[in-house]
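Participant: Note that the sequence shown covers residues 357 to 1088 in my numbering.
For glycine and all other residues, C-beta sits at the position ideal for the given N, C-alpha and C.
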Amino acid sequence: MCCNREEPMPTPSVLIGSSIPPGPDQVDVHCALKLGDLVLTALPRRFEDALAVARVCRQKQLYLCWSEFCFRGTPTPCKAWGEAVAPGAFFNREQLEHLYAEAGPFYFGRYVIGEIGGVLYWPKDYLRPARDLSCAPMPDFENHAKAATHYVEYCRQLVEQERECFGGEPFLNVESSLLFKYQVPSGLSRLCLEVMPGDPELMHAAIRGAARTHGLEWGTHIAMGWYGGVRVDEVFQKRWRTALGWSYICGADFILPESGHYTYSNPDQNIDLDFQSPEMTRMRRSLREYVQLAHVHRRPKGGPLVRLGLLHGQHDGTPGLWNPFAWGQYHAEHWQEGPAERGWRLFDQLHRREPWSNARVQGDTDFSGNPPLGQVDIVPAEADMEHLSRYACLLCLGWNTMDEELYQRLLAYVREGGHLIMFLPQLRTNSGRTEPAELIHGGDLSELFGVRIEGRGATDVRGIRFIENSGLQNYRFPVYREQQDPVFLGPYAGADVEMAGARVLAGFARRFGDDAATARAEPFLVEHRVGQGTAMLVLAWNWPGDTAMQEFCSDLIRTVVAGEQGGIALSGADRIRFAVYEDHIPVDAAPALQVVYLLNTDPDVAVETQLHISGVDAGTVRVRPGELQIAFVRDGLVLLPETPFVDVERWETQSGETSVTCYAVADQCLRVLNTTSEARAITVNGQRTSVPAGGEARLNLPRRVDAERTEYFAPDFLEEPAIDYQHAELPY
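Put into structure tokens, the structure is as follows:
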């Protein structure tokens, strides 16, 4: 692997790589260790060594990414050397252009603005007073709009400075927060998530939503050495494998560790693990497994299918980790995390299985525990119609400043068939936190939501009564009989409402037995049919994250999850995460081959889940602790190999008989499930069987090697050779 090659090797759909110390000899170490197709490394002090790194990467067909030349976006080079270096003592622009060109088509780019989101999520004492060699803290602002405008411009200026001083596009960031959508306009070419400082599930949704909106590649840089845990124990190792698997199924275009795979130290715990330690050797073996997977199993391109988008509102300055102030505004207490920011905490509800005692869960199957098709995107409110329309439903949970342009785009989204769910405060046009809300169109929301808001009603503790079912067939709200206690009691701030075409689904109720007319007189949730779509609006002045709204919003999210389920769904334990991709084998084949990735995030317990295909219970799938399972689904048949190291070469159905050929790294059992009402004949790698209607069969899937990828099918690929490694520092 990584030997000098005459012919170009096919690039896998996901690049797995590694962070390495500076120098050409370290590239050789990376290749000997079989750690993938991408390296992130620091700039050597000697220009000749830097040039040699680029040259060796080109020769070995290894993608090269440089870490920052500057320290977190400041004009002072060069972090890679571990000291402040005056611009005159650094490489000049001509030398750097030569360096980039030397890597040729294998130049991947460089990091340029570091953790620029840190000015919003770092602790206050990191920024005030400002430290040397750090990003400038946010100035004081009186509203969200001005803070957002400043931040976007600040990122743009830093990237432009990098472009003028050092060149070297493509440009990457490395970010740990929700802020990707504000950094993209600066001129970034690829987006990179630093995994582990924050909630990986929340942050993966944010980076993927921003990347899709702007048509950019994205990837992850997993900070196990800094944020993976206190010690490299068994749970740490399992967490590392799950972090790799989560990035893989989420659709990352590149995945690499930041640190924690060469050495690890924690002096306070008397831990000092060197390169040859069993713990570090095991860390690299886990990484090598995903290198092998990326080359043996060709993950379909385009990323996972996503039906549900969380609308990332205009001017939302919630960083999503560490700092409890919006927009880094430490100067005033009213900027501290409030209901508008706490709405993002509801994200966890997407992956939470409902307790058996929740009597509001309805239907034949409880699909709580995973969003529709397993994934959700956090979608920038700035996305155009082309990108908004890829989502069946948009739900807004945080801050939003509404303007006419966004209002018209959301109206068009609904007209074309989208489902939109918003809350009254998200329709305000002013962005100050303490000033009274001014609604768009003076409160005339009739075109989109079918209501006119005439003012603010009383704030009082009361409950909710649902009086009608949604027009969306699979949305099942708790429409109890009339003689029933109100649900979701809390101190709500109501609105004075004039109905203008909307249907009242729920209204305020105070007493046992309040009838539909009482609820209809004080509407709480309305639904409006617009064109081919539906818009819902919660008619309270409370943000979704308000304490009063917590129970209702949790139930609303569960209802949306159930209502938006796609053709492939799971029911069961909520420790399994999944994603669905589509592939066409051959290119023009229909229907598409669907590839389902199931990741058991439980580190210790095997988990079973029920797989549902087009509404049919296909059977039970058992996934081992921390492992990845793959299912291939097409035309009512499901193929479940024992390991993910399987690749479908061909899948054809003629005259009712299905023929499949696969590559496999090792001999294994293959389960074949039939979700149709008729027996099906299938041949896999020459072995024929009949699968009864609604039943399953098992075949032996023998090892089969692709002649173009033989090195990755080698039985000893996962073994680490003995190497002479001279310790040096990683970039981070």
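How should Asn898 be labelled, buried or exposed, when 16 other C-beta atoms within 10 angstroms of its C-beta is the threshold for buried?
Facilitator: buried
Participant: Leaving aside the five residues before and after Gly869 along the sequence, list all residues of the same chain whose C-beta is less than 7 Å from its C-beta, in chain order.
Facilitator: Glu838 and Gln839
Participant: On the criterion of 16 or more Cβ atoms from any shown chain inside 10 Å, does Gly1042 qualify as buried, or is it exposed?
Facilitator: exposed
Participant: Could you check whether Thr505 and Ala739 sit closer than 8 Å to each other, using their CB atoms as the reference points?
Facilitator: no
Participant: Classify Val352: buried if its beta carbon has 16 or more other beta carbons within 10 angstroms, exposed otherwise.
Facilitator: Residue 352 is absent from the structure shown; the chain starts at 357 and stops at 1088.
Participant: Is Phe822 closer than 8 Å to Val807 when the C-beta atoms are compared?
Facilitator: no
Participant: Hey, is the stretch 691-711 in contact with the stretch 392-406, meaning 3+ C-beta pairs nearer than 8 Å?
Facilitator: They do not touch, by the three-pair rule.
Participant: Taking 8 Å as the cut-off, does the stretch 990-1004 touch the stretch 1044-1063 (at least 3 CB pairs, one atom from each stretch)?
Facilitator: Because the criterion of three Cβ pairs below 8 Å is met, the stretch 1044-1063 and the stretch 990-1004 touch.
Participant: What's the call for Ser970, buried or exposed, on a 16-neighbour Cβ count within 10 Å?
Facilitator: exposed
Participant: For Ala1035, count neighbouring Cβ atoms within 10 angstroms of its own Cβ and tell me buried if that reaches 16, exposed if not.
Facilitator: exposed
Participant: Could you pull out every unbroken alpha helix (DSSP H) segment of at least 4 residues lying fully inside the stretch 435-461, listed in chain order?
Facilitator: 449-458
Participant: Going by the DSSP bridge assignment, what does Ala896 pair with across the sheet?
Facilitator: Gly850
Participant: Going straight from the alpha carbon of Leu540 to that of Ala566, what length do you get?
Facilitator: One point to set straight first is that residue 540 is Val, not Leu, in the sequence displayed. Approximately 8 Å between the Cα atoms of the pair.
Participant: Spell out whether any CB of chain D is found under 8 Å from the CB atom of Leu845.
Facilitator: Looking at the structure shown, chain D is missing, and only one protein chain is on hand.
Participant: So which of Gly982, Thr432 and Gly798 has the shortest CA-CA distance to Ala962?
Facilitator: Gly982
Participant: According to DSSP, simplified to helix, strand and coil, what is Glu645?
Facilitator: helix
Participant: From Gly392, Thr367 and Ala410, pick the residue whose C-alpha is nearest to that of Pro380; which is it?
Facilitator: Distance check between Pro380 and each of Gly392, Thr367 and Ala410 places Ala410 closest, using alpha-carbon atoms only.
Participant: Could you have a look at Pro1160 and say whether DSSP puts it in helix, strand or coil?
Facilitator: For the chain, the structure presents residues 357 to 1088; residue 1160 sits outside this window and is missing.
Participant: Let's test the definition: count the other Cβ atoms within 10 Å of the Cβ of Glu439 and tell me whether it reaches 16, buried, or not, exposed.
Facilitator: exposed
Participant: Thr367: buried (16+ other C-beta within 10 angstroms of its C-beta) or exposed?
Facilitator: Counting Cβ neighbours within 10 Å, Thr367 comes out exposed, since fewer than 16 surround it.
Participant: Any idea which residues DSSP pairs Asn956 with across the strands?
Facilitator: Ile932
Participant: Indicate the three-state DSSP secondary structure (helix, strand or coil) for Asp384 in the structure shown.
Facilitator: helix
Participant: Express the C-alpha separation of Ala459 and Val882 in angstroms, rounding to a whole number.
Facilitator: 58 Å
Participant: Could you tell me if Glu742 is buried or exposed, where buried requires 16 or more neighbouring beta carbons within 10 angstroms of its beta carbon?
Facilitator: exposed
Participant: Looking at the structure shown, is Phe403 part of a helix, part of a strand, or coil, going by DSSP?
Facilitator: helix
Participant: Rounded to whole angstroms, what is the Cα-Cα separation between Leu455 and Val468?
Facilitator: 16 Å
Participant: Let's test the definition: count the other Cβ atoms within 10 Å of the Cβ of Cys1025 and tell me whether it reaches 16, buried, or not, exposed.
Facilitator: exposed
Participant: Taking the C-alpha atoms as reference points, what is the distance between His884 and Leu895?
Facilitator: 13 Å
Participant: Is it true that the CB of Arg655 sits closer than 8 Å to the CB of Ser369?
Facilitator: yes
Participant: Near Leu452, what residues of its chain come up, given a Cβ to Cβ distance below 7 Å and the 5 sequence neighbours on each side ignored?
Facilitator: Contacts found: Phe522, Gly523 and Gly524.
Participant: Alpha carbons only, please: which of Arg663, Trp712 and Thr1066 is nearest the one belonging to Ile734?
Facilitator: Arg663
Participant: Pull up the CB-CB distance for Met494 and Val508, whole angstroms please, since I reckon it's below 8 Å.
Facilitator: Wrong, their Cβ atoms sit about 12 Å apart, outside the cutoff.
Participant: Can you have a look at Thr915 and say buried or exposed, based on whether 16 or more other CB atoms are within 10 angstroms of its CB?
Facilitator: Classification for Thr915: buried.
Participant: Examine the Cβ distances between the stretch 632-640 and the stretch 666-677 and report whether three or more of them are shorter than 8 Å.
Facilitator: no
Participant: Taking the alpha helix (DSSP H) that Ile563 belongs to, which residues open and close that run?
Facilitator: Pro556 to His570
Participant: Using 8 Å as the threshold, is the stretch 951-960 in touch with the stretch 598-610, meaning 3 or more CB pairs across them?
Facilitator: yes
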